[in-house]
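Notes for the one structure printed next.
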Amino acid sequence: MKIKVFSKSLAKGPGYDVAVLDPQATVQDYLDAINNFIEQNTDPPCKGCDECCWERIPLTSIDVFNYVNHLRDQLGLGQDWPLLDFLEKYAYIYVEGRVVDISLGYTMEGACRFLNQSERICSSYVARSLVCQSFICMESTQRASELRSELVNTGMDELVRLWLVQSQQAGRQLFIHEAHRAAPQLEDYHVNGFTNKKSYQEVLLKDICSKRLWASLTSELKKPS
Numbered sequence: 078m079k080i081k082v083f084s085k086s087l088a089k090g091p092g093y094d095v096a097v098l099d100p101q102a103t104v105q106d107y108l109d110a111i112n113n114f115i116e117q118n119t120d121p122p123c124k125g126c127d128e129c130c131w132e133r134i135p136l137t138s139i140d141v142f143n144y145v146n147h148l149r150d151q152l153g154l155g156q157d158w159p160l161l162d163f164l165e166k167y168a169y170i171y172v173e174g175r176v177v178d179i180s181l182g183y184t185m186e187g188a189c190r191f192l193n194q195s196e197r198i199c200s201s202y203v204a205r206s207l208v209c210q211s212f213i214c215m216e217s218t219q220r221a222s223e224l225r226s227e228l229v230n231t232g233m234d235e236l237v238r239l240w241l242v243q244s245q246q247a248g249r250q251l252f253i254h255e256a257h258r259a260a261p262q263l264e265d266y267h268v269n270g271f272t273n274k275k276s277y278q279e280v281l282l283k284d285i286c287s288k289r290l291w292a293s294l295t296s297e298l299k300k301p302s
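Throughout the sequence shown, residue numbering follows the numbering used here, covering 78 to 302 in sequence.
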């Protein structure tokens, strides 16, 4: 076990925390630990509803690779630039000045476009995004919240970088769904721990986390046995 997700009493009630037990832990190890916690919890935190499917769902580069790899034919994506095609057809790209935010597209009612509203289930469960996979319907400690946030934000930064690079390579004008004085710049989006990675098993947590957060997450490794 490389990651431990465990129950913890918090000020607002029952919650959970995360600890790293192996410095080589990956993002996939983190997601596996979360799924195991949900499955093993005697009082499952999930309410069995679809409330979280009506919130903004930010995307990482690997999220889009997963959608393309698992659902390319179903989504009708082209062969040449599937990432750009997916972002144009199924994402929502918001640009304000030099800041870019890319999330899953949504319906007129405000639900994730992959939510089957009649059955209240995800129609793309096999390729659901990092923010969906890492969601636990209960309070979390600060470090657990920060870990999830740093992973999602770093993964989105790489997605924005790819969007800018591939648009230029394909000779396409940047496709933006909503813009306010849009002036995105490639120089603002540097290579990071997600760059050149196609699966979460390839992304090491230590390459993503800030030094302060990593020290907190690995504090149990420093304890004498």
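Built from N, CA and C at the ideal position, the CB exists for glycine as well. Remember, predicted model here, so these are calculated numbers, not experimental data.
Exercise for the section: Output the distance between the C-alpha atoms of C129 and Q243, rounded to the nearest integer angstrom. Expected result: So the alpha carbons of these two residues sit roughly 31 Å apart.
Exercise for the section: Pair every Cβ in the segment 254-261 with every Cβ in the segment 171-184, then say whether three or more of these pairs are closer than 8 Å. Expected result: The segment 254-261 makes contact with the segment 171-184, as at least three CB pairs between them are under 8 Å.
Practice task
Compare the beta carbon distance of Q105 and Q278 with 8 Å and say whether it is the shorter of the two.
Solution key: Yes.
Practice task
Count the other CB atoms, across all protein chains shown, that sit within 10 Å of the CB of T184; report buried if there are 16 or more and exposed otherwise.
Solution key: It is exposed - the Cβ of T184 has fewer than 16 other Cβ atoms within 10 Å.
Problem - Selection from K274, V208, L98 and E132 that minimises the alpha carbon distance to G187 - result: For the residues K274, V208, L98 and E132, the minimum Cα distance to G187 belongs to E132.
Practice task
State the DSSP-derived secondary structure class of E173, mapped to helix, strand or coil.
Solution key: Three-state result, E173: strand.
Practice task
State buried or exposed for E235, treating a residue as buried only when at least 16 other CB atoms are found within 10 Å of its CB.
Solution key: Label assigned to E235: buried.
Practice task
Tell me, to the nearest whole angstrom, how far the beta carbon of L87 is from that of E216; I am working on the premise that it is less than 8 Å.
Solution key: The Cβ separation is near 5 Å, so the contact holds.
Problem - The beta strand (DSSP E) enclosing I80, as first and last residue numbers - result: I80 to L87 is the span of the beta strand (DSSP E), which, as asked, contains I80.
Problem - Local conformation of V97 per DSSP, three classes - result: In the three-state reduction of the DSSP assignment, V97 falls in the strand class, which pools E and B.
Exercise for the section: State the start and end residues of the unbroken beta strand (DSSP E) segment that holds A256. Expected result: Residues E255 to H257.
Handout entry: A260 - containing alpha helix (DSSP H), residue span
Key = For A260, there is no enclosing alpha helix (DSSP H), since its DSSP letter is neither H nor E.
Exercise for the section: Spatial neighbours of L239 within its chain, please: CB distance less than 7 Å, with the 5 preceding and 5 following residues excluded, ordered by chain position. Expected result: S138 and L160, listed in sequence order.
Practice task
Consult DSSP for S217 and reduce its assignment to one of helix, strand or coil.
Solution key: S217: strand per DSSP, three-state reduction.
Practice task
Determine, using beta carbons only, whether R190 and Y167 come nearer to each other than 8 Å.
Solution key: Contact flag set, yes.
Handout entry: Neighbour-count burial assignment, A247, 16 or more Cβ in a 10 Å radius
Key = Exposed.
Problem - Separation of S226 from R220, as counted between CA atoms - result: Those two C-alpha atoms are separated by around 10 Å.
Problem - Pick from I111, A260 and K283 that is closest to L207, judged by C-alpha positions - result: For the residues I111, A260 and K283, the minimum Cα distance to L207 belongs to I111.
Practice task
For L239, name the three-state secondary structure that DSSP assigns.
Solution key: Of the three classes helix, strand and coil, the one that applies to L239 here is helix, per DSSP.
Problem - Distance between beta carbons of L294 and V95, contact taken as under 8 Å - result: Distance from V95 to L294 at the Cβ level is roughly 7 Å; contact confirmed, criterion being Cβ atoms closer than 8 Å.
Exercise for the section: Using the DSSP secondary-structure output, state which residues sit across from S180 in a beta bridge. Expected result: Per the DSSP secondary-structure output, S180 pairs in a beta bridge with P135 and Y169.
Practice task
Kindly indicate which three-state DSSP category M193 falls into: helix, strand or coil?
Solution key: Reading the sequence as shown, one finds Asn at residue 193 and not Met. Reduced to three states, the DSSP call for N193 is strand.
Practice task
Would you list the residues sitting across from G92 in a DSSP beta bridge?
Solution key: Under DSSP, G92 takes part in a beta bridge, and its partners are K85 and E216.
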